[in-house]
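First comes the structure, then the notes that go with it.
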């Protein structure tokens with residue numbers, strides 16, 4: 015983190031007062047009393063709203079308190095208030111830090127690159143850029159692995175779904191066959207009943223049965239006559255007294 019110290023060779027009463035509160039803020043900052051430093055930097059901005067140093071250092075105080083959105087606002091404001099290359103390079107460096115803390119990795123990389131365009135020899139910015147690029151690479155690999163895992167899971171789920179559909183289809187087919195078999199049973203029973211009803215049509219009529227019976231009786235008489243002729247007259251049995 016880079017911080018700007020207030021340094022002037024020529025002072026006016028307003029600038030002198032601003033220098034005092036900002037330097038007090040820097041002292042509080044060095045003592046890690048960041049909320050107190052914030053108060054002093056705000057007072058300095060009140061006295062000189064166009065002060066690059068006031069906005070830049072207020073951004074640093076916000077950054078140390080984890081208030082990254084507010085720090086970015088102050089850094090961007092300070093960029094508009096200076097034409098000095100070193101100030102712009104330091105501001106882009108700190109913008110990159112705030113963006114990185116806010117997990118806006120791609121944006122932080124662009125900020126570090128902007129800083130290095132102005133000051134290519136800044137080792138801190140080079141290190142931070144390298145670190146941000148490493149984080150981005152890890153993030154992309156993780157997203158790729160997550161997508162692959164999701165695709166594999168979707169494929170597995172689709173296979174399971176297809177398998178279940180096939181099983182349900184076979185089960186429905188078996189149920190249909192079973193229903194068809196059950197449905198055919200009454201037809202078979204009905205056919206058997208119809209066959210039974212047809213059977214009596216092959217039986218003899220009453221007249222035919224009587225003729226056959228009469229013929230049998232006649233034959234029996236003929237047989238009896240023949241037997242009598244062979245054995246002679248019938249002997250009449252006497253009573254026992």
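Residue numbers (this note's numbering): 15 to 255.
Beta carbons are placed, not taken as given, at the ideal position from N, Cα and C, and that holds for glycine.
Check the C-beta distance from residue i over to residue j and give it rounded, since I have them as a contact under 8 Å.
i	j	result
residue 104	residue 114	The pair is not a contact, with the Cβ atoms about 16 Å apart (cut-off 8 Å).
residue 69	residue 88	5 Å
residue 73	residue 108	6 Å
Based on Cα-Cα distance, which residue from the options lies nearest to residue i?
i	options	result
residue 144	160, 133, 33, 127	127
residue 111	129, 133, 56	129
residue 44	228, 33, 63, 71	71
residue 120	148, 101, 131, 133	148
residue 106	75, 164, 151, 133	133
residue 47	34, 79, 156	79
Which same chain residues, not among the five before or five after residue i, have their C-beta less than 7 Å away from its C-beta?
i	result
residue 50	42
Quick one: Cα of residue i to Cα of residue j, how far?
i	j	result
residue 77	residue 179	58 Å
residue 99	residue 169	55 Å
residue 182	residue 194	18 Å
residue 15	residue 93	16 Å
residue 154	residue 146	12 Å
residue 124	residue 140	12 Å
residue 118	residue 184	54 Å
residue 54	residue 97	24 Å
residue 136	residue 102	13 Å
residue 90	residue 159	36 Å
residue 84	residue 75	10 Å
residue 166	residue 177	16 Å
residue 175	residue 163	18 Å
Residues in the same chain with beta-carbon distance under 8 Å from residue i, minus the five sequence neighbours each way, listed in chain order, please.
i	result
residue 95	64, 65, 66, 69
Would you decide whether residue i is buried or exposed? Buried here means 16 or more other CB atoms lie within 10 Å of its CB.
i	result
residue 172	exposed
residue 82	buried
residue 39	buried
residue 188	exposed
residue 225	exposed
residue 142	buried
If we define contact as Cβ-Cβ less than 8 Å, is residue i a contact residue for chain C?
i	result
residue 133	Going by chain labels, chain C is absent from the structure shown, which holds only one protein chain.
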